[in-house]
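Visitor: The sequence shown begins at 1 in the UniProt record's numbering and counts up by one. Beta carbons: idealized from backbone N, C-alpha and C, even for Gly.
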Amino acid sequence: MALCLFCNAERREPLTFRTLLSPETEAGFCPACRDGLKRINRRNNCLYCGRDLSLLDQETVRDRICRDCVWWRKSGRNGLYVKNYSVFSYNEFIKEIINQFKFRGDSILADGFACDLRKTFQRIKKEHGTRTAFRLLDKMDASFIIVPIPLSAARLAERGFNQAEVLAEKMGAPVTNALVRDKHEPKQSKKNRRERLMERVTPFRINADYASLIEGGKVLLIDDIYTTGATIRLAAEALAQANPIEIDSLTLIHG
């Protein structure tokens, strides 16, 4: 009997060709818990950060671009960073799951998101392959170097695992720990929006063992949540020192 990873209720999966052919179902959430997750509508999301635009005051949206992304574009800090993809919008239910995942050490909850992460990754590769071919870049394939946002040594010791790395490992592709986080900073959840946006001193640096791999490659940064985009861009600035072609990101949640 398969149980929900979050609420431990029995998972009564609907009868489909998939469940008929594969009775041993992948670990995941029950239908009730899945219904509590707010999936982002790709037909009405920001073209750059991927947030669900239906959740915003429409006066702050221009040509499918949210106000934060307009600010980032004007700031001149995007550099090689192009766009973010997110699967779910932040709500109280996913907050409960993430709190249990990150702060109570229940890393197995990441298994419940594995299918969504793999599907989103395949979509990104397909989109990126089209974009790359259109731009006639030298590297015509759609392969990515998967780089999780690292924790500082102190935070890793406190938590016992890096949630971004755990999520990255669910995507079905090799994971490269190409970044090191030297600074032990206040938690992002303790900072207000302006403090996050104005953060300029990067806590990240390139892991010298992987600099040659990053050079000329296409990087996909992985993190659990995109809030203002500041952390992702600081990581991208550090990676840019190794001269990749382009940097994108995939986060489980958009906050």
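What residue does the alpha helix (DSSP H) around Leu167 start on, and which one ends it?
Guide: Leu167 -> alpha helix (DSSP H) spans Gln163 to Ala168.
Visitor: Consider the Cβ of Ser249: report whether some Cβ of chain D lies at a distance smaller than 8 Å.
Guide: Structure shown: chain D not included; a single protein chain is present.
Visitor: Helix, strand or coil: how does DSSP classify Ile206 here?
Guide: Three-state result, Ile206: strand.
Visitor: Can you give me the C-alpha to C-alpha distance between Trp72 and Glu165, rounded to a whole angstrom?
Guide: Between Trp72 and Glu165, the C-alpha separation is close to 26 Å.
Visitor: Can you list, in chain order, the stretches of the alpha helix (DSSP H) that have 4 or more residues and sit fully within the segment 37 to 87?
Guide: 67 to 75, all fully within the segment 37 to 87.
Visitor: Keeping to the same chain, check which residues put their C-beta closer than 6 Å to that of Arg11; ignore five residues upstream and five downstream.
Guide: Same-chain partners within the cutoff: Ala2, Cys4 and Cys30.
Visitor: Report buried or exposed for Val219, applying the criterion of at least 16 other Cβ atoms within 10 angstroms of its Cβ.
Guide: Looking at its Cβ environment, which holds 16 or more other Cβ atoms inside 10 Å, Val219 is buried.
Visitor: Just the Cα atoms here: how many angstroms apart are Gly36 and Ala110?
Guide: Approximately 16 Å, taken between the alpha carbons.
Visitor: On the CB-based measure, 16 or more other CB atoms within 10 Å of its CB, does Asn99 come out buried or exposed?
Guide: Exposed is the call here.
Visitor: Which two residues bound the contiguous alpha helix (DSSP H) that contains Thr231?
Guide: Ala230 to Ala240 is the span of the alpha helix (DSSP H), which, as asked, contains Thr231.
Visitor: If you draw a straight line from the alpha carbon of Ala9 to that of Gly28, how long is it in whole angstroms?
Guide: Distance between the alpha carbons of Ala9 and Gly28: 11 Å.
Visitor: Which residue comes first and which comes last in the alpha helix (DSSP H) that contains Arg159?
Guide: Counting along the chain, the alpha helix (DSSP H) containing Arg159 begins and ends at Ala153 to Arg159.
Visitor: Quick check on the DSSP output: the beta strand (DSSP E) that includes Pro148 runs from which residue to which?
Guide: Where Pro148 is concerned, the enclosing beta strand (DSSP E) stretches over Ile145 to Pro148.
Visitor: Could you check how far apart the C-beta atoms of Tyr81 and Ile124 are, in whole angstroms? I think they sit under 8 Å.
Guide: Going by Cβ atoms, the distance from Tyr81 to Ile124 rounds to 14 Å, so no, they are not a contact pair.
Visitor: Counting Cβ pairs closer than 8 Å, one from the segment 199 to 210 and one from the segment 39 to 55, do we hit at least three?
Guide: The segment 199 to 210, when compared against the segment 39 to 55, does not touch it at the 8 Å Cβ threshold.
Visitor: Bridge partners of Lys125, per DSSP?
Guide: BP columns for Lys125 are empty, so no partner.
Visitor: Gly161: which of Ala242, Gln241 and Ile108 sits nearest, CA to CA?
Guide: The identity of residue 161 in the sequence shown is Phe, whereas the question assumes Gly. It is Ile108 whose Cα lies nearest to the Cα of Phe161.
Visitor: Which one or two residues does DSSP pair with Ile247 in a beta bridge?
Guide: Answer by DSSP bridge pairing, in chain order: Tyr81 and Val219.
Visitor: Does DSSP put Arg34 in a helix, in a strand, or in coil?
Guide: In this structure, Arg34 counts as helix in the three-state DSSP scheme.
Visitor: Can you grab the Cα-Cα spacing for the pair Val201 / Leu234, in whole Å?
Guide: Distance between the alpha carbons of Val201 and Leu234: 8 Å.
Visitor: Could you give the DSSP three-state label for Arg118: helix, strand or coil?
Guide: Correct three-state label for Arg118: helix.
Visitor: Name the one or two DSSP bridge partners that Glu96 has.
Guide: According to DSSP, which records beta bridges pairwise, Glu96 is partnered with nothing at all.
Visitor: Given a cut-off of 8 Å, decide if Ile146 and Ile222 are closer than it, judged by their beta-carbon atoms.
Guide: Yes. Within cutoff.
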